[in-house]
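These protein sequence lines map, in sequence, to chains A and B.
All you need for my numbering is the position in the first sequence, starting with 1, plus 1096.
All you need for my numbering is the position in the second sequence, starting with 1, plus 10.
The structure under discussion appears below in the form of C-alpha cells.
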Amino acid sequence: KAGVTQTPRYLIKTRGQQVTLSCSPISGHRSVSWYQQTPGQGLQFLFEYFSETQRNKGNFPGRFSGRQFSNSRSEMNVSTLELGDSALYLCASGLERVEFFGPGTRLTVL
Amino acid sequence: AQTVTQSQPEMSVQEAETVTLSCTYDTSESDYYLFWYKQPPSRQMILVIRQEAYKQQNATENRFSVNFQKAAKSFSLKISDSQLGDAAMYFCARSRDDKIIFGKGTRLHILP
C-alpha cells in the first residue's frame, strides 16, 4: 500500500503570496490532518478532515484554510504569506483517527 | 492544558545497548491512543509504536517496547540493541479529539 504523499516537497514563496499544498492519504483512509512544524513551536495542529468535513481546527489565523475532496485527498491553503509561515507542513491520515504521516512540504517564505 | 512532556531533550546511547526515553502526559479522557514517532534527518515522521489506553498489555514492535503506566500517565519507550539507524528525534504523542498532541521531542544519538 502506498503511503501518504504530499506535493510539492519544497516550495519557495515571497511575502504576500498564497500557496496551496496537497496531500493524498493512504488508500481507504478517510481522516486527514495537517500539522505545522517549526524549530520554535514544534508540531502544531492545523486542522482535521473526515469524509469532507472539518472536524477539528487548531489555533491558526483565518489565512490558513483547508478542504477535503470526495476521494479523501486534501489541500491546505495559506493566503497572504508571512515570513513566520516558513515551516515543514505535515499531512497525516488514518482510518478513524490519523496515525501515518507523509514526508512533508518544506515551505520557505522570503 | 492537556500536554505531553518529554523531559529529556537529548540522550546518547552506545550502539547495541538499551535506552529508555521518558514521556508523561495529561488527560481527562479514559480512552485514547499513545504514540511514539521517529523523525530522522529526512524529516519523515515514522510511527514507531502505538498503545491503546484501554489495553493493559504493553505494546511491542521488534526492538521497540513501551512501559505504559496509565495511573501515572507515563509512557516510556525502550529501544533494545540500539542501531546507528535509530538516531533521530523521537516524539511522544497522544490522541485527543481526533488530533494528535506532540511532546517537544528527544534527540537520540547513537555512539558507535
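We treat Cβ as the ideally placed atom computed from N, Cα and C, and that holds for glycine.
- In the three-state scheme derived from DSSP, where H, G and I count as helix and E and B as strand, residue 118 of chain B is classed as strand.
- Only residues of its own chain outside the window of five on either side were considered, and among them 1177 have a CB closer than 7 Å to the CB of residue 1113 of chain A, listed in chain order.
- DSSP, read as helix, strand or coil, puts residue 87 of chain B in strand.
- In terms of Cβ geometry, residue 28 of chain B and residue 92 of chain B form a close pair [threshold 8 Å].
- At least one CB of chain B lies nearer than 8 Å to the CB of residue 1194 of chain A.
- Shown here for residue 23 of chain B: same chain residues with a beta carbon closer than 8 Å to its own, the five before and five after excluded, namely 29, 89, 92, 118, 119, 120 and 121 in chain order.
- Taking a cut-off of 8 Å on C-beta distances, the region 69–84 of chain B does not touch the region 1144–1164 of chain A, as fewer than three cross pairs fall below it.
- About 6 Å separates the beta carbon of residue 1198 of chain A from that of residue 1101 of chain A, a gap short enough to meet the 8 Å contact definition.
- Within the region 1105–1157 of chain A, the complete beta strand (DSSP E) segments at least 3 residues long are 1106–1109, 1115–1120, 1127–1134, 1138–1146 and 1149–1153, listed from N- to C-terminus.
- Using a Cβ-Cβ cut-off of 8 Å, residue 1117 of chain A does not count as an interface residue toward chain B, since no Cβ of chain B sits closer than that to its own.
- Residue 32 of chain B does not reach chain A, its nearest Cβ partner there being about 17 Å away, counting only Cβ pairs nearer than 7 Å.
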